[in-house]
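J.: Residue numbers (the numbering used here): 1 to 556. I'd like to ask some things about the structure below.
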Ligand code: OOB
């Protein structure tokens, strides 16, 4: 259907690329160039804070450029992939910037990922290197990284922050200041990646099987950052708190860490959204902007209601997205936290919708905003692909200057998720108001959205079928008051067989699957009804589990 670039990405048709350049969206500059420009303007200003570590702009870019050259000296080259699995920490920022400077492409994995996901990502991206923290919460990431290197032919270099074992590369040393940052800068400037080169790989929310890789180019991702920064009013005075995993598109680039680093503001890295820690960091650093998923926003609201702290005075804007924010929680953000709410309905595949900071309260509290670019194209269509009028919910289709036209090397998924003329179908059911704002009404994709973490039902089911006892499996969402949804599993079993939730969970752990994908409820039934076309009737199962939960008086 479509040809792929050498990065395995699907390029925009030339007439669109031309238009996006003409309009100044695509500037044919590498992401690193924007940060260097900020560093030239604000060399002494603090760029990154992580606990006691504070890096000025000058230190950040000097370290990143020196690190970029050290990565090249290790044998990595432009276009090579590196799996990055780091918590929110200064090392993440310096390493990703070093990648953007050298053209080495980070595959942005989550700290929660385990062998099952990482082995696939390493193989599929043909990663040459992996960067991890040695241990996080008792989990030995270094050991897993070494195991991945053993089983993945391309993967030869293991970089470790913390205590690197013999044979691995000390990531903290690699990210240390260099002796000749000016020389490094000159050399890297001369070989900087082109605008349509891959800048990074993001992971798809996952509707089918394992996460798909999304190639984001320097041009499109820089524009993603610029467009969202404009809507969110990011300036050199912005102090941003990154507390969601920053390898997610939302805290990374909407406008997130990159938006703030483009503008000369300050990024505060925090690996946990725990309210006590978050509030202390907001107070200590004078944080003005942060990002949360609805479940996290709700925890912060409850904490503030209980403790009536004075710690949030500087917080001007709280962005919330990733899953649907209930209107009643939206209405509490301003009165309780004192910050203006900005709802964000976005996707790693591109399109970002945001409420504007000066929108009327009704828009801010009841809609998920509108596209950030005037050249974002959005259609709401019925099942036959016909455009629907305002106020009628339908499937959303989108194209635009920062929405890639396909996934990395997967013609089969592209045929399903993209129309032949390049519209991406996210699977969300959306209604457009006459004022242009969108309301997410639901979705038509087999995915569970667990407090913003996306779980592919198909992926979970394929793991369940590894269990001998199971004849039919259906992974569905069940309602949860805090997370919105949790993962529930319906199964039928072979005659005489039995299965407990604990056994399912143990088998998932044995396989090495990210913890958020482990089922939290198991319902064993005699029969799972299918629809006329032989598909499992998941709607019925969702109704059934909601009743079960209500009857038992519990929510999970
Ligand atoms: C963000 O990105 P992903 O790739 O993890 O997930 C995208 C999906 C959307 O297709 C939609 O199903 C859901 O997450 N979603 C929302 C939402 N924001 C995302 N559903 C309802 N209301 C919202 N506000 O989740 C993401 C990426 C960039 C910015 C913000 C979120």
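Don't be surprised by glycine CBs; every beta carbon is placed ideally from N, CA and C.
(1) Hey, is the region 55-64 in contact with the region 74-86, meaning 3+ C-beta pairs nearer than 8 Å?
(2) Taking DSSP's pairing of strands, which residues face residue 129 in a bridge?
(3) Buried or exposed: which applies to residue 41, given that a residue is buried once 16 or more other Cβ atoms fall within 10 Å of its Cβ?
(4) With a cut-off of 8 Å, do at least 3 Cβ pairs link the region 146-161 to the region 122-129?
(5) Work out the CA separation of residue 102 and residue 11 for me, nearest whole Å.
(6) With DSSP as the reference, please indicate the residues paired to residue 50 in a beta bridge.
(7) Determine the extent of the alpha helix (DSSP H) in which residue 182 is found, giving its start and end residues.
(8) Output the residue ranges of the alpha helix (DSSP H) runs that lie fully inside the region 353-402 and measure 4 residues or longer, sorted by chain position.
(9) Return yes when at least one heavy atom of the ligand OOB lies under 7 Å from the C-beta of residue 429, else no.
(10) Any chance the region 309-317 sits against the region 358-376, with 3 or more Cβ pairs inside 8 Å?
(11) Return helix, strand or coil for residue 20, following the three-state DSSP convention.
(12) Got a sec, what are the start and stop residues for the beta strand (DSSP E) residue 462 sits in?
(13) With DSSP collapsed to three states, give me the class of residue 513.
(14) When the Cα atoms are used, what is the spatial distance from residue 290 to residue 186?
(15) Which of the three DSSP states, helix, strand or coil, is assigned to residue 42?
(16) Which of the three DSSP states, helix, strand or coil, is assigned to residue 168?
(17) Going by the C-beta, is residue 342 closer than 7 Å to any heavy atom of the ligand OOB?
(18) Does the distance from the CB of residue 336 to the CB of residue 304 come in under 8 Å?
(19) Using CA coordinates, which residue listed in 521, 473, 474, 456 is at the minimum distance from residue 480?
(20) So, at 6 Å on beta carbons, what are the nonlocal neighbours of residue 106 in its own chain, with the 5 sequence-adjacent residues on each side left out?
(21) Taking only heavy atoms of the ligand OOB into account, decide whether any of them is closer than 7 Å to the Cβ of residue 454.
(22) Classify residue 13 as buried or exposed, calling it buried when 16 or more other Cβ atoms lie within 10 Å of its own Cβ.
(23) Residue 490 to residue 380, Cα distance in whole Å?
(24) Quick check: is any heavy atom of the ligand OOB less than 7 Å from the C-beta of residue 352?
T.: Walking through what the data contain:
(1) Verdict: no, contact absent.
(2) Partner(s): 82, 157.
(3) Burial state of residue 41 is exposed, judged by a 10 Å Cβ sphere holding fewer than 16 other Cβ atoms.
(4) Enough Cβ pairs lie closer than 8 Å, so yes.
(5) Residue 102 has its alpha-carbon roughly 22 Å from the corresponding atom of residue 11.
(6) According to DSSP, residue pairing for residue 50 in a beta bridge involves 53.
(7) For residue 182, the enclosing alpha helix (DSSP H) has its first and last residue at 181-190.
(8) The region 353-402 contains these whole alpha helix (DSSP H) runs: 361-366.
(9) Remark: the C-beta of residue 429 is outside contact range of the ligand OOB, defined as less than 7 Å to any heavy atom.
(10) The region 309-317 and the region 358-376 do not touch, with fewer than 3 CB-CB distances between them shorter than 8 Å.
(11) Reduced to three states, the DSSP call for residue 20 is helix.
(12) Here residue 462 belongs to no beta strand (DSSP E); instead the alpha helix (DSSP H) covers 457-464.
(13) Residue 513 falls in the coil class under three-state DSSP.
(14) Taking C-alpha positions only, residue 290 is separated from residue 186 by approximately 34 Å.
(15) Taken through DSSP and simplified to helix, strand or coil, residue 42 comes out as coil.
(16) In the three-state reduction of the DSSP assignment, residue 168 falls in the coil class, being assigned neither a helical nor a strand state.
(17) Every heavy atom of the ligand OOB is 7 Å or more from the Cβ of residue 342, so no.
(18) In this structure, residue 304 lies closer than 8 Å to residue 336 by Cβ.
(19) Checking every option, the nearest Cα to that of residue 480 belongs to 521.
(20) Same-chain partners within the cutoff: 82, 84, 96, 99, 200.
(21) For the ligand OOB, at least one heavy atom lies less than 7 Å from the Cβ of residue 454.
(22) Using a 10 angstroms sphere on the CB of residue 13, the tally of other CB atoms stays under 16, which defines it as exposed.
(23) Each residue's Cα considered, the two are about 32 Å apart.
(24) Yes.
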